[in-house]
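Report on one structure; see the data block that follows.
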Amino acid sequence: MSISTNSINCGDDFIPAENGEVNVDAICLENGQEMELKMAKLELENVKKMAKLEIENKEQKLKLQELMIEQKALKEKMTKIEQEKEKNAIAADQLTKILEKISEMEKQQKQQNENTTKAVEERFSQLQNDQKIILEKITEMEKQKKQQNENTTKATSDQFSKMQNDQKILLEKISELEKRKQRKALLNFQQNYWDANFCHKELEIIGDKSLIVHYKGNTSDFSSVFAIFLEWCCSVFAVHPFLLNNNSFDIFYYEISVQNIKSRLIFGFALKQQDKLFGRMENGAYSYESDGEICINGERKGRNDKYSYGVGDTVGIGVNLATRQIILTKNGLRLGSSRLFVASSFVNNSFYPFVSLVYSGDKIEANFGPNFKFDLTTL
């Protein structure tokens with residue numbers, strides 16, 4: 445049977461037969477192969493596109509992995525810096541902020557792993573910028589650390605220099621104290637004694653060493669009674685004075701032991717020797733009285749019952765020549781009179797020990813050293 449060429453169409457073209465008839469099977473076969481070829485080409489293009497996208501995706505993942513490695517290395521470096529700066533209170537706060545920023549960056553990176561290439565590139569650029577900021581901060585922190593180390597070195601050097609200077613001063617003071625202790629037992633304790641040429645006529649000096657003073661007169665005598673009311677007494681002075689020299693580390697000191705006393709007894713040191721009645725209110729006189737009253741340069745400085753003394757007591761008076769501080773003692777103990785000083789106007793003047801008695805029968809014995817009841821080495 446013959447089929448018309450106008451009625452048979454398996455595609456856009458047809459193949460005529462040799463006898464003029466249309467070969468339908470051939471036409472359909474050729475058209476099917478062409479469609480398969482087109483589909484294969486299309487599928488190949490799709491495969492290429494998918495491969496390209498997969499390659500691009502792998503490249504982006506590789507970039508992300510490299511970035512994560514860099515961030516990990518940067519984090520390890522920051523951790524190391526943080527450990528080194530633990531003791532630095534100022535840098536610790538900055539390191540904490542950096543670590544918080546890195547942690548935030550890691551969270552953002554995790555959320556953006558599935559984003560497009562553009563987002564990854566933008567993120568990569570942002571990370572590079574953050575890395576630059578961090579490196580700048582690290583550089584600044586290293587500068588600060590270097591400056592702090594230099595300051596610490598300088599401060600340590602200054603402290604060492606000050607310690608050396610303080611040690612030198614301390615050694616000098618110790619040396620002076622040692623010299624002072626060595627001199628105490630040797631200086632200002634020459635064999636002193638009471639001077640008969642400067643002794644009131646009512647007094648007598650007793651003993652081979654001329655250390656005992658006795659009131660031999662009659663207190664009922666008008667002159668003696670009148671002297672009591674005028675605060676004048678019968679006095680005796682020592683032979684040797686001491687020089688008030690503030691360039692010396694020496695100490696002048698002497699003691700008296702009370703053997704008999706009826707009312708008042710005064711002893712101390714004064715500027716000059718006299719053979720008459722000598723009052724405690726004299727200018728240049730420094731005295732310690734039996735009723736506990738202290739007179740400084742002829743002026744009363746108050747009375748303290750704890751300072752009072754009588755028969756059987758041993759009392760002492762002295763001067764630190766370097767400081768002009770007056771020393772008072774009773775029965776081997778120092779009295780708390782640290783605010784008493786010899787006037788600076790008397791520097792380079794000589795002072796004489798003296799004792800003044802008031803009543804008949806009063807009697808004392810002096811000790812001019814070097815062995816005293818009070819231990820001078822405790823000063």
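So the sequence shown is residues 445 to 823, counted in this note's numbering. Idealized CB from N, CA, C, for every residue including glycine. Owing to the predicted nature of the structure, the values given are computational and were not obtained by experimental measurement.
Asked, Found
"Inter-residue spacing [alpha-carbon to alpha-carbon] between Ile-542 and Ile-578", "7 Å"
"Distance, Leu-539 Cα to Met-522 Cα", "8 Å"
"Anticipated Cβ contact below 8 Å, Ala-766 with Asn-690, distance rounded", "6 Å"
"DSSP-derived helix/strand/coil call for Phe-673", "Residue placement at Phe-673 is flagged as unreliable, the pLDDT there being 42, under the threshold of 50; the coordinate-derived value follows with that caveat. In this structure, Phe-673 counts as helix in the three-state DSSP scheme."
"Boundaries of the beta strand (DSSP E) in which Arg-747 is found, first to last residue", "743-747"
"Closest residue to Leu-688 among Gly-762, Phe-568, Glu-594 (Cα-Cα distance)", "Gly-762"
"Those residues which DSSP pairs with Ser-679 across a bridge", "Ser-800"
"Supposed close pair Phe-798, Ser-679 - CB separation, criterion 8 Å", "5 Å"
"Residue from Glu-743, Gly-736, Glu-616, Glu-498 whose Cα sits closest to the Cα of Asp-757", "Gly-736"
"Assigned secondary structure, Val-491 (DSSP; H/G/I helix, E/B strand, else coil)", "helix"
"Between the CA atoms of Val-759 and Glu-809 - distance to the nearest angstrom", "11 Å"
"C-beta contact flag for Ala-682 and Asn-636 at 8 Å", "yes"
"Beta strand (DSSP E) runs wholly inside the region 494-539, at least 3 long, in chain order", "none"
"Proximity of Tyr-697 and Leu-820 at Cβ, strictly below 8 Å", "yes"
"Backbone secondary structure at Gly-762 - three-state DSSP", "strand"
"Alpha-carbon spacing of Ser-804 relative to Ser-752, whole angstroms", "20 Å"
"Ala-729 classed as buried or exposed, judged by whether at least 16 other C-beta atoms fall within 10 angstroms", "buried"
"Nearest-angstrom Cβ-Cβ length linking Ile-546 and Lys-519, presumed shorter than 8 Å", "6 Å"
"Bridge-paired residues (DSSP) for Ser-794", "Leu-687"
"Nonlocal neighbours in the same chain, by C-beta distance under 6 Å from Ser-731, ignoring five residues either side", "Ile-710, Gly-712, Arg-724, Cys-739"
"First and last residue of the uninterrupted beta strand (DSSP E) at Phe-711", "709-714"
"Stretch pair the region 604-618 + the region 574-592: three plus CB contacts closer than 8 Å", "no"
"Burial state of Asp-665, where buried means 16 or more other Cβ atoms lie within 10 Å", "A caution first: Asp-665 carries a pLDDT of 49, below 50, which makes its placement in the model unreliable, though a value can still be read off. By the neighbour-count rule (16 or more Cβ atoms within 10 Å), Asp-665 is not buried but exposed."
"Glu-478 versus Ala-495: straight-line alpha-carbon distance, rounded", "25 Å"
"is_contact[Ala-495, chain C] using C-beta, thresh 8 Å", "Among the protein chains of the structure shown there is no chain C, as only one such chain exists."
"Coil, strand or helix - Tyr-697 by DSSP", "strand"
"Buried versus exposed, by CB contacts within 10 Å (16 or more), Ala-563", "exposed"
"Exposure of Phe-604, with buried meaning 16 or more beta-carbon neighbours within 10 Å", "exposed"
"7 Å Cβ shell around Thr-561 - same chain, five flanking residues per side excluded", "Glu-500, Gln-504"
"Cut-off 6 Å between Cβ atoms - residues of its own chain near Ser-707, not counting five sequence neighbours on either side", "Val-802, Tyr-803"
"Cross-strand partners of Glu-544 (DSSP beta bridge)", "DSSP lists no partner for Glu-544."
"Same chain only: Cβ atoms within 7 Å of Met-645, ignoring 5 sequence neighbours per side", "According to the sequence provided, residue 645 is Lys. The question's Met does not apply to it. Within the same chain, Lys-645 has no close Cβ partners at all."
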